[in-house]
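Chemist:
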Amino acid sequence: MQTDLLCALIPLFPLIGFIINGFGFRRIPKSLAGAIATVAVLASFLTSCFLFGAFLGNANLTSTAGPLKAVLFDWISVGDLDISFSFQIDQLSLLMLLVVTGVGSLIHLYSIGYMKHDEGFGKFMAFLNLFVFFMLLLVMGSNYVIMFIGWEGVGLCSYLLIGFWNTNTNYNNAARKAFVMNRIGDLGFLLGIFWIINLFGTTEYTDVFKQATSLAIGDPEILAITLLLFVGAMGKSAQIPLYTWLPDAMAGPTPVSALIHAATMVTAGIYMVVRSNVLYTLSPLTLEIIGGIAIATALLAASIGLLQNDIKKVLAYSTVSQLGYMFLGLSVTAYTAGMFHVITHAFFKALLFLGAGSVIHAMSDEQDIRNMGGLRKSLPVTFITFLIGTIAISGLPPFAGFFSKDEILAHVFEHNKVLWALGVLGSALTSFYMFRLLFLTFFGEFRGTEEQRHHLHESPATMTAPLVFLAILSAAGGVLNLPGGGWLSDFMAPLFEGSRQVNPEAFAESTIDHSTEYILMAVSAGVALISGIIAYVMYVSRGAVPAPETTERSMPEQVVYNKYYVDEFYEAIIVRPIRGLGDALYSFGEFIIDGVVNGVAWLVRAGSNQLRLLQNGSIGFYVFAMVLSIVAIIALRFFVRF
Amino acid sequence: MSEFLNQFKQLTATGYLFWVLAILALLSAVWVVTARNPIHSVLALIATFFCLSGHYILLNAQFLAAVNIIVYAGAIMVLFLFTIMFLNLRREDEESKTNLTKMAAVVVGGLLMVMLITIFRAKSAQVPTFNPVSFDSRTGLVENLGSILYSDYILPFELASVLFLVAMVGAVMLGKREAGDRHF
Amino acid sequence: MQPTQNVLIPEVIQQIPLTYYIIISTALFVIGIIGVLTRRNAIIIFMSIELMLNAVNLLLIAFSSYRSDSSGQVFVFFIMAVAAAEVSVGLAIIVMIYRNTRSIDVGLLNKLKW
Amino acid sequence: MFPIVLLSVFGILLLFLGFLKSRAILLPAALLFLLVSLAVNFIDWNKTYLYFNGMLLSDNLSMVFTAIVLGSAFMVVALSGSFMEDESAQPAEYYGILLFSLVGALMMIGFENLIMLFVGVEILSVAMYVLTGSDKRNLRSNEAALKYFLMGAFTTGIMLFGMALLYGATGSFTLGGIRAYAVNPQVGLSLLFYVGLLMLLIGLLFKVSAAPFHFWTPDVYDGAPTLFTAFMSTVVKTAGFAALFRLLSISFSGVYTFWWTILAIITTLTLVAGNITAVYQNSFKRMMAYSSISHAGYLLIGLAALGQQTKQAIVFYSLAYSVATIAAFGVLLLVARQRNAETITSGGSSSESFDAFNGLARQNPLLGFAMAVSMLSLAGIPLTAGFWGKFYMFSTAVERGQIWLLVVAVLMSAVGIYYYFRVIIAMYFREGATAPIRVAPFYRYVLVVATLLTIGLGIAPGLLEGLF
């Protein structure tokens, strides 16, 4: 079995695709370019599947499913530190591989239809391939350095793709914002890696974790390392305070949003934490901090999502919120649950984005849901798949999102009841804004222009086929890990051997009995259902449409005429406070956090402006500065005691 | 202080010559930097070189004393003088530096001097002293220097010619008048 | 002071501590630095730099004589050679500038900044 | 040793070739001479010799540095085709001086005696003064030459004062002699030694443009003809760091505790001054000058955290930096020439500003790509050589436990991305209506080689390991 070769092939295919399309995008015809790119990723997917099968077979044979390492070549050695270019194939990387290449190929296929009218089609496909390449490096690498390379690489591709329609300044600003925020995160990540080198003398996962198991829980150095790494994750996975780039990143083409900003890249932070689970288990304080940030992010983003009218913005905030859930799961050492949610989220969020893309495509680039409505007749496939996605994300049984979210919430319940309650609240919000989106888009009367109505059409097969695939996955993804010891948790168990060793309590068998578990499930499903119904009442029965931004938001006069007591109650008790809160939080995100980031940038620029004045062109001053420095150095060395 | 004076009184004629030369060198050095007229500066610098050559002779470095006069005072300073005359720089049109910058310069320079001197006079400075037993008074003679220069230091000596080539080519290249350049 | 025993040792070396030479050189050196700092005429700045080099020469010769080690004097020889080369290039640059601007005031040369 | 001798001879030969009517022979001759020198450099491979009565060391490290310097010089010279078209240029003199200046650089790389260091520094500096001012009619070039000359000569004075004091304290000019004195444990070291050490360091730090002795750099790099700026920012810097490394690692490693704080402070200042000031620049060339200051800062990290890995880190970093810098300046040369030609007819922004690169990638994909790769490398993005250079440097800091230096460097590298990406944005994302730039085939090869080298070292940085 040439595992090494197979491992090398997986990232190689997209790279080849990138090289062909990247250098020849002027000469290669569009259809061919799309085919090349898609086939490249599909080949990776098939190879991954093959590898997966081999791994499973192997694991069954030997029953010790240790990680396979494929060392391609020795890379560098710095002093005692040897870094090899090697891939690690284990349960975690295989899962990520399948998700990245699987969802990736579907999105590539979709892009052929979606982007075919774009001038830079070849370039776009090349960038997508490059992205997949880096993403594969990220998840396959067997040490932190390779992960960092992938990490930086996906950031770069994300930057290039957000700014793909670079004629618009806003898009460039969004791209730059994404880049800056990611850089801040990367700095933390880089420092964390160097700290790991300092502490363990290696960056190889297996060695680091082996050494880490001998450390005590709560080791301060581990605390620092995990926090620094988490800063990286905050940037990449859009957690407070570094989340504002993700909604802005929706400026990029929709397939990009689906692939990078929903299904794969943003989950890199979760992947990293799961990968480093031993370190995180060793540092309960970090986990507490992550938990706090995660729930805050989940609620904040969900409440902002209630008010958005841009179809992609809603999905973007929803992504931020779901990422919060994943981290919430990780924070209570429910690593499997977190990964499970990553997988299901990849299915349904990619589905939703692609569905949204299909809608936008049909609506001639209209993104405002206030100008949509009643699309279910014109876009039947999109509607049904979008519906499935919505049900899945809302956490209604028996679709995928229900199981994964429920598992997270069950673990959280065990850990902390307040967090659980907040989580359920977030789940209610999720359900509400998703159904609101669904209803406003597909139900009611068409509110667009005549021209748009005339133009409405279902998308071509290259676009609907991925939708159908993803819809099936979203619907059935839950079977991966049914409650009470599903396949996934068995499969992933070996990954957490080290963590179990250092902190057995965190991995003790669930103490809650089945009846409680069922009640929890019922509660979360029920809450989601109720939110969905409220949304139905609000937006379908009553036909409310969010007011254009020019008029006042709350319109009590209209409501007075309304017969539904529920509505008034809802308006007074829930909608207004939440709207107020959402507005406040939105401005918090937009102004405070962006303000801080922009402020830092401004400070650097201002500092630069001041500092360059030192360079005043006068030799006299230059020499004077030199002599002064000499005086200072001599004074420092001979006359100052320190 | 009195110890210093006592020492001072015991000096021989050479000792007094040292002081005279030292003071003259410093004074003419100050003149170099303060003179308004560039030509005075050049002359003062030449005076400094002569004082320093005197020091070299006192220190038994006769060869370098001669070279100093020939190369520095003879060649380099003439080159300076030539340039000054050539550019006709006798006029007093410079010196617009404010007194503030001058003050700052003098203060910083003075500070540097005070600090360095304090360091060099400190007990722990461990300034080397001469060793009467192994002292070789022929150190600075031509014969001695020549044999070292052409044995141990042959490589830098030869490569210094590269430096001169660069300087020569460069000076010609930069100084040459191109067609269309001004005459002087 | 002990009476002179070895007539071959120069009287200066016997009577004057090396520290004095170091101090004189330092003083000369700093005067040169101050000259560079206070003047605006490129040629005078350049002469102040020559002053600094001469301070170094004095220092090296003093060390060399007190230590009876010739390599210091060889170094001085090199410094003089290098100084000559530097002067020729430096003056060529100054002449070139004068030709273009009719001035050698370094204070006027600040087109390149920021 | 062989390259030094050969280069001296070849320099003279080139000067004589200048008498020939045909200028066309000069460039191939210069390239040939450089190649021959590069080849003979490796004669002593894996052997360590002290040549000329202990004046010059030839070991693998010095040969690798020599190769970097000669390779950079080769690429710079290869980009110099424009001299042939310029009437007022004097290519024979330029090439001659360049070859001579390399002699100085090699002396700085292999010196065993401070006299060698001094003469080497002077040869290199005097040559650079001349080349900086070689655009005689251009006031900016004039001004740069005078600034460089006056400040350089001033620093020479400081450096010599330091050498003299070191000699006074140790009685020797040789690296070994100074080392023997410095590690002498019986008595405290003379204060002369410490002052001398600082002054000598300051002299060399000036040459590699470390803050606060960096003020000459932006002005000189800006004013000098672009080609010589490329030469200065690669060859001079590499040679300067080779010299600093030799001094610190051989002679002064015994007194590490004395100088490392100073060097760490200077490193921090250099990183901050270089990176922050570069942000506000509008001229690409001037930005590159500040960028070279900031890279001096990264290189200084390796010295401030002197250890086992420093050697490797400095070699790798200077190679990565040199290659990327030359490619960037190579593209700048072409773009500026094109823009100059355009502004004569239409009038527009400065030929060296960031705007000059607008839309470059669309018209000239090769130039755009070469520039983008070198910018990515300078910014330290993974899979380019620059990333590993920084990685090596940062891990030396980690090895010595100098975390705050690491933090500053990492923060500043983030600032660096801002201004390097401005070029990429301009090239790829901005519209600029310009005709494609004609690139001579040989020029194209140089750019391709530089780009491939940057990527190749980024993918397989281990290639350089174990060489020295």
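In order, the protein sequences belong to chains A, B, C and D. Number 642 marks the last residue of the first sequence (the UniProt record's numbering); no jumps. Number 184 marks the last residue of the second sequence (the UniProt record's numbering); no jumps. Number 114 marks the last residue of the third sequence (the UniProt record's numbering); no jumps. Number 468 marks the last residue of the fourth sequence (the UniProt record's numbering); no jumps. We put the beta carbon where it would ideally sit given N, CA and C, even for glycine. Small disclaimer: the values here were computed from a predicted structure and weren't measured.
(1) Is Q558(A) close to chain D? Criterion is C-beta to C-beta, closer than 8 Å.
(2) Are the C-beta of V5(D) and some C-beta of chain A separated by less than 8 Å?
(3) Once the 5 residues before and after M272(A) are set aside, which same chain residues still bring their CB inside 6 Å of it?
(4) Answer yes or no: do A294(A) and Q239(A) have a C-beta to C-beta separation smaller than 8 Å?
(5) What does the Cβ neighbour count give for I393(A), buried or exposed, with the cut at 16 atoms within 10 Å?
(6) Taking I61(C) as part of the alpha helix (DSSP H), name the residues at either end of that continuous run.
(7) Please confirm whether F200(A) and L229(A) have their CB atoms less than 8 Å apart.
(8) Would you kindly report the start and end of the unbroken alpha helix (DSSP H) that includes K9(B)?
(9) Within a Cβ cutoff of 7 Å, which residues of the same chain sit near A47(B), ignoring the five residues on either side of it in sequence?
(10) Could you name the residues of chain A that V106(C) contacts, counting a contact when the two beta carbons are closer than 8 Å?
(11) How about L287(A) and S331(A): do their beta carbons lie closer than 8 Å?
(12) Does V133(B) have its Cβ less than 8 Å from a Cβ in chain D?
(13) Can you tell me whether DSSP reads A70(A) as helix, strand or coil?
(14) Are the CB atoms of Y418(D) and A361(D) nearer to each other than 8 Å?
(15) Contact defined as beta carbons within less than 8 Å: I believe I326(D) pairs with A224(D). What is the distance between those atoms, to the nearest angstrom?
(16) Are the beta-carbon atoms of I311(A) and A356(A) separated by less than 8 Å?
(17) Measuring CA to CA, which of S86(A), C157(A), N277(A) and A262(A) is closest to G329(A)?
(18) Taking 8 Å as the CB-CB limit, is G168(D) close to chain B?
(19) Using the Cα positions of L64(B) and S68(C), report the straight-line distance between them to the nearest angstrom.
(20) Give me the Cα-Cα distance between V126(D) and L204(D), rounded to the nearest whole angstrom.
(21) In the DSSP assignment, find the beta strand (DSSP E) that holds S353(D) and state where it starts and stops.
(22) Of the residues L99(D), Q402(D) and S374(D), which one's Cα is nearest the Cα of I455(D)?
(23) In whole angstroms, what separates the C-alpha of L106(A) from that of A40(A)?
(24) Thinking I44(C) and S41(B) are a contact (beta carbons under 8 Å), I'd like their distance in whole angstroms, please.
(25) Which chain B residues sit within Cβ distance under 9 Å of I43(D)?
(26) If you compare alpha carbons, which of M107(D), A370(D) and F329(D) is closest to F2(D)?
(27) Evaluate the contact criterion for the stretch 141-149 of chain A versus the stretch 80-94 of chain A: three or more CB pairs, one atom per stretch, below 8 Å.
(28) Apply the 10 Å Cβ neighbour rule to L32(D) and answer buried if 16 or more other Cβ atoms are within range, or exposed otherwise.
(29) For G120(A) and G150(A), I'd like the C-alpha separation in whole angstroms.
(30) State yes or no: is the beta carbon of S141(D) nearer than 8 Å to at least one beta carbon in chain A?
(31) Less than 8 Å between the CB atoms is what I'm expecting for A346(A) and S431(A), so what's the real figure, rounded?
(32) Quick check: is the beta carbon of E11(C) nearer than 8 Å to any beta carbon in chain D?
(33) Taking 8 Å as the threshold (beta carbon to beta carbon), is M151(D) in contact with chain A?
(34) Would you call N172(A) buried or exposed, if buried means 16 or more other Cβ atoms sit within 10 Å of its Cβ?
(35) Would T118(B) pass as an interface residue toward chain C - the criterion being a Cβ-Cβ separation below 8 Å?
(36) Count the other CB atoms within 10 Å of the CB of S463(A); is the residue buried (16 or more) or exposed (fewer)?
Modeler: Inspection of the coordinates gives the following:
(1) Counting from one through the first sequence, the residue named residue 558(A) turns up at place 558. Model confidence at Q558(A) stands at a pLDDT of 45, short of 50, so the residue's coordinates are unreliable; what they give is reported in the following sentence. For Q558(A), the answer is no, since every Cβ of chain D falls outside 8 Å of its Cβ.
(2) Taking the first residue of the fourth sequence as position 1, residue 5(D) is located at position 5. No - not a single Cβ of chain A is within 8 Å of the one on V5(D).
(3) Residue 272(A) sits at position 272 when you count from the first residue of the first sequence. Closer than 6 Å at the Cβ level, and outside the excluded window around M272(A), lie A233.
(4) Here residue 294(A) is taken as the residue at index 294 of the first sequence, counted from 1. Here residue 239(A) is taken as the residue at index 239 of the first sequence, counted from 1. In this structure, Q239(A) lies closer than 8 Å to A294(A) by Cβ.
(5) Position 393 of the first sequence holds residue 393(A). It counts as buried.
(6) Walking along the third sequence from the start, residue 61(C) turns up at place 61. Taken as a continuous stretch (DSSP letters only), the alpha helix (DSSP H) holding I61(C) covers A42 to R67.
(7) Within the first sequence, residue 200(A) is the residue found at index 200, counting from 1. Within the first sequence, residue 229(A) is the residue found at index 229, counting from 1. No, the pair does not count as a contact, with Cβ atoms beyond the cut-off.
(8) Residue mapping note: residue 9(B) aligns to position 9 of the second sequence, counting from 1. Its alpha helix (DSSP H) spans residues S2 to K9.
(9) The count along the second sequence starts at 1 and reaches residue 47(B) at position 47. Only S28 meet the Cβ criterion.
(10) For this step, residue 106(C) is matched to residue 106 along the third sequence. Here the neighbours are S618, I619 and G620.
(11) Against the first sequence, residue 287(A) aligns to sequence position 287. Against the first sequence, residue 331(A) aligns to sequence position 331. Yes, the Cβ-Cβ distance between L287(A) and S331(A) is below 8 Å.
(12) Residue mapping note: residue 133(B) aligns to position 133 of the second sequence, counting from 1. Under the Cβ distance rule, V133(B) does not count among the residues neighbouring chain D, no pair being separated by less than 8 Å.
(13) Within the first sequence, the letter at position 70 stands for residue 70(A). Residue state, collapsed to three classes: strand.
(14) Taking the fourth sequence and counting its residues from 1, the one referred to as residue 418(D) is at position 418. Taking the fourth sequence and counting its residues from 1, the one referred to as residue 361(D) is at position 361. No, the Cβ-Cβ distance between Y418(D) and A361(D) is not below 8 Å.
(15) If you number the fourth sequence from 1, residue 326(D) lands on position 326. If you number the fourth sequence from 1, residue 224(D) lands on position 224. The pair is not a contact, with the Cβ atoms about 15 Å apart (cut-off 8 Å).
(16) As a working note, residue 311(A) is residue 311 in the first sequence. As a working note, residue 356(A) is residue 356 in the first sequence. Going by C-beta atoms, I311(A) is nearer than 8 Å to A356(A).
(17) As a working note, residue 329(A) is residue 329 in the first sequence. Of the listed residues, the one whose Cα sits closest to G329(A) is N277(A).
(18) Looking up residue 168(D) in the fourth sequence gives position 168. Taking Cβ atoms only, chain B reaches closer than 8 Å to G168(D), which makes this a yes.
(19) Within the second sequence, numbered from 1, the residue matching residue 64(B) stands at position 64. Within the third sequence, numbered from 1, the residue matching residue 68(C) stands at position 68. For L64(B) and S68(C), the distance between alpha carbons rounds to 15 Å.
(20) Counting from 1 along the fourth sequence, the entry for residue 126(D) is found at position 126. Counting from 1 along the fourth sequence, the entry for residue 204(D) is found at position 204. Cα to Cα, V126(D) sits roughly 15 Å from L204(D).
(21) Reading the fourth sequence from its first residue, position 353 is the one you call residue 353(D). Counting along the chain, S353(D) falls outside any beta strand (DSSP E), and DSSP gives it neither H nor E.
(22) Reading the fourth sequence from its first residue, position 455 is the one you call residue 455(D). Closest by alpha carbon: S374(D).
(23) Mapped onto the first sequence, residue 106(A) falls at position 106. Mapped onto the first sequence, residue 40(A) falls at position 40. Near 12 Å, if we compare the C-alpha coordinates of A40(A) and L106(A).
(24) In the third sequence, the residue the question calls residue 44(C) occupies position 44. In the second sequence, the residue the question calls residue 41(B) occupies position 41. That belief holds up - the Cβ atoms of I44(C) and S41(B) are roughly 5 Å apart, short of 8 Å.
(25) Taking the fourth sequence and counting its residues from 1, one reaches residue 43(D) at position 43. Here the premise fails: no neighbours, minimum Cβ distance about 18 Å.
(26) As a position in the fourth sequence, residue 2(D) is number 2, starting the count at 1. The shortest Cα separation from F2(D) among M107(D), A370(D) and F329(D) belongs to M107(D).
(27) Contact holds: three or more Cβ-Cβ distances are below 8 Å.
(28) As a first step, residue 32(D) is located in the fourth sequence; it is residue number 32 there, counting from the start. Exposed, because fewer than 16 other Cβ atoms sit within 10 Å of the Cβ of L32(D).
(29) The count along the first sequence starts at 1 and reaches residue 120(A) at position 120. The count along the first sequence starts at 1 and reaches residue 150(A) at position 150. Each residue's Cα considered, the two are about 25 Å apart.
(30) Here residue 141(D) is taken as the residue at index 141 of the fourth sequence, counted from 1. False, the Cβ-Cβ gap to chain A never drops below 8 Å.
(31) Residue mapping note: residue 346(A) aligns to position 346 of the first sequence, counting from 1. Residue mapping note: residue 431(A) aligns to position 431 of the first sequence, counting from 1. Their Cβ separation, rounded to whole angstroms, is 20 Å, which puts A346(A) and S431(A) out of contact at 8 Å.
(32) In the third sequence, counting from the first residue as 1, residue 11(C) sits at position 11. Taking Cβ atoms only, chain D never reaches closer than 8 Å to E11(C), which makes this a no.
(33) Translated into the one-based positions of the fourth sequence, residue 151(D) becomes position 151. So, interface residue.
(34) In the first sequence, the residue the question calls residue 172(A) occupies position 172. A buried status is given to N172(A), since no fewer than 16 other beta-carbon atoms sit within 10 Å of its beta-carbon.
(35) On the second sequence, position 118 is the one that residue 118(B) refers to. So no, T118(B) is outside the interface.
(36) As a first step, residue 463(A) must be located in the first sequence, where it is residue number 463. According to the sequence as given, residue 463(A) is Met; it is not Ser. The residue is buried, with at least 16 neighbouring Cβ atoms inside 10 Å.
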